[in-house]
Structures are given as C-alpha cells and as structure tokens.
DNA sequence: CACATAGTGTAGTATCGCTAGGTATGAGAG
DNA sequence: CTCTCATACCTAGCGATACTACACTATGTG
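Dropping the structure here:
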C-alpha cells in the first residue's frame with residue numbers, strides 16, 4: 001500500500017475516522033492505522049495539513065485542550081461534514097464500481 | 113467522478129483495457145469510457161503520456177501502422193505488463209478492502 | 001471552405017500527499 | 001541530570017501525476 005494510491009480519498013478516510021467520535025490529530029493517525037489493518041500508516045505531514053484543510057472547509061470543527069501538559073486539538077464532525085461524508089461515501093462506491101467494471105467486472109479468481 | 117480520484121490507479125485501468133486486446137491510444141480512450149459506463153472520460157493529455165510511460169517501463173509494446181492515411185500506434189501487453197497487471201489488481205483489491213474497513217466495514221445501506 | 005471526427009503528441013499547470021525539518025511536554029533509562 | 005522515546009502539534013518545499021491547452025495530420029461532410 002506504500003504508494004500514494006489514496007490521492008483524492010484521504011478526506012473520506014479522515015471524515016470516516018472522526019465520524020467514529022471526536023479525536024485529536026495524533027489519535028486520528030492511530031485510529032486510521034489500526035482501522036485499516038496497518039495499511040494506512042500515514043505520516044504527520046499528511047494528517048495535520050489535511051485536518052486543517054477540512055476545518056477551513058467547514059467539514060470539521062476543533063477545540064483546544066490541555067491533557068497532561070500537552071496541547072490537544074480535538075476535531076469533531078460538523079453538519080456539513082456529515083453531508084460531505086455521505087457524498088464521499090457514495091462517490092467512493094461509484095469509483096470502485098467503475099474501476100471494477102473496467103478491471104474485469106468479475107471480482108477475482110476467488111482466493112478461497 | 114469528475115475528480116482526479118484515480119491518481120495512482122490509472123495504470124491499472126490502462127493495462128486492463130489493453131489486456132482485453134491490442135488497441136491504439138484513441139481506442140483505449142473510448143474503451144475505457146464505455147467499459148466504465150462513461151465514468152472515466154479521460155482527456156488525451158492523460159492517456160497518451162501514460163501509455164508512453166507504460167511502454168518505457170516495458171509493460172506495453174507498440175507497433176505503428178497506417179489506416180486510411182492515419183497513423184496508428186497500437187499497444188499490446190508484454191509479459192512484464194501481464195505480471196504488473198496481476199500485481200496492480202491485487203494491490204487494488206487490498207486498497208479497496210482497507211478503505212472499506214475504515215469507512216465502516218459494512219458495505220452501505222444496500223441500494224438494492 | 002469550415003467543421004467534425006479520428007489520431008497522435010507535448011509543454012506547462014495544478015493538485016496533493018509526503019519528506020524533512022522544527023517546537024514542546026512527560027516518562028523512563030542510565 | 002541527561003538522553004531517548006512517545007506524545008502532540010505544525011509547515012515549507014518537493015515530487016509524482018493527472019489535466020489544460022495547445023499544435024499537427026488526415027478523412028469525410030455540409
């Protein structure tokens with residue numbers, strides 16, 4: 001997965017993770033990693049700018065807090081964020097369907 | 113689909129289309145468009161450089177011909193191209209699985 | 001003759017995740 | 001007390017890659 005194959009799909013992932021409950025950046029990183037089964041081990045330089053952008057776009061909101069002396073910026077999904085998530089979900093479904101149609105329609109030689 | 117969400121997945125699409133039989137660039141464009149159900153209507157500036165790159169990488173081979181006064185460059189899959197296609201297919205499967213795990217695991221409200 | 005369709009190509013742009021660096025706190029090891 | 005590691009945040013610039021916008025040739029049609 002090492003590649004940058006998630007171009008254009010990062011927002012969907014981040015919104016999905018935050019939809020599972022408010023989280024701060026570092027926690028988003030870890031949640032994404034574990035939820036994907038270690039597939040998406042994204043660096044901070046990817047996560048933080050993306051979260052910032054999503055907040056600027058009004059899809060996320062954030063609150064600062066201090067826990068054990070460490071600053072935390074906790075993000076939560078806004079109403080528009082929830083809408084955007086739904087859109088991106090269906091967009092993702094369409095995308096997968098379209099690629100699968102091209103790739104062969106038939107799933108795959110069934111590993112099982 | 114308008115977006116550039118296929119970043120990193122274009123090679124898979126092109127190799128898949130060419131795997132369905134040798135085609136020249138213009139035909140690849142059309143095959144991709146129709147096979148995807150109009151979802152992937154990619155411009156020439158995307159197709160041609162990509163096909164060239166795939167040939168440089170040894171995944172495609174090409175032969176020139178002239179049909180009705182028009183030059184045609186017909187691409188075909190090489191052995192290495194076939195291997196690469198298999199790899200990219202399984203990479204795609206993994207990618208989809210990983211995203212779906214994050215997005216919710218459960219497919220989606222089942223449109224049907 | 002103009003225009004659409006077929007057919008190929010490229011130079012430059014824009015997008016976007018990533019690299020590599022910086023700041024700071026707390027906990028544990030030596 | 002210092003060193004290192006984990007936690008926690010951030011950003012400037014890079015690099016990969018698809019797209020825009022053009023240029024060129026040829027055939028057929030109005």
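Protein chains in written order, with the numbering used here: chain A, 1 to 112; chain B, 113 to 224. Glycine is no exception: its CB is placed at the ideal position from the N, C-alpha and C atoms.
Residue i: contacting residues in chain A (beta-carbon distance under 8 Å)
i             : result
residue 211/B : 6, 9, 12, 13, 36 and 92
Whole-number beta carbon distance between residue j and residue i, since they are thought to touch under 8 Å
i             : j             : result
residue 77/A  : residue 60/A  : 6 Å
residue 124/B : residue 103/A : 7 Å
residue 196/B : residue 36/A  : In fact, because the Cβ distance is near 24 Å, the residues do not count as touching under 8 Å.
residue 121/B : residue 90/A  : Residue 121/B to residue 90/A, Cβ: 18 Å. No contact.
Cβ neighbours of residue i in the same chain (closer than 8 Å, five flanking residues each side left out)
i             : result
residue 140/B : 126, 129, 130, 159, 163 and 187
residue 23/A  : 17, 31, 74 and 75
Min CB distance residue i to chain B below 8 Å
i            : result
residue 21/A : no
residue 89/A : yes
Cβ neighbours of residue i in the same chain (closer than 7 Å, five flanking residues each side left out)
i             : result
residue 7/A   : none
residue 63/A  : 74
residue 80/A  : 58 and 59
residue 200/B : 123, 124 and 127
residue 96/A  : none
residue 137/B : 159, 160, 163 and 185
residue 177/B : 184 and 186
Contacts that residue i makes with chain B (C-beta to C-beta distance below 9 Å)
i            : result
residue 39/A : 206, 207, 209, 210, 211, 213 and 214
Amino acids of chain B, ordered along the chain, whose beta-carbon sits closer than 7 Å to that of residue i
i            : result
residue 32/A : 214
Contacts that residue i makes with chain A (C-beta to C-beta distance below 7 Å)
i             : result
residue 140/B : In chain order: nothing, as chain A lies at least about 11 Å away.
Where residue i meets chain A, residues with beta-carbon distance less than 9 Å
i             : result
residue 129/B : 102
One or two residues paired with residue i in a DSSP bridge
i             : result
residue 61/A  : 76/A
residue 121/B : Residue 121/B pairs with nothing; no bridge assigned.
residue 182/B : 179/B
Cut-off 6 Å between Cβ atoms - residues of its own chain near residue i, not counting five sequence neighbours on either side
i             : result
residue 204/B : 124
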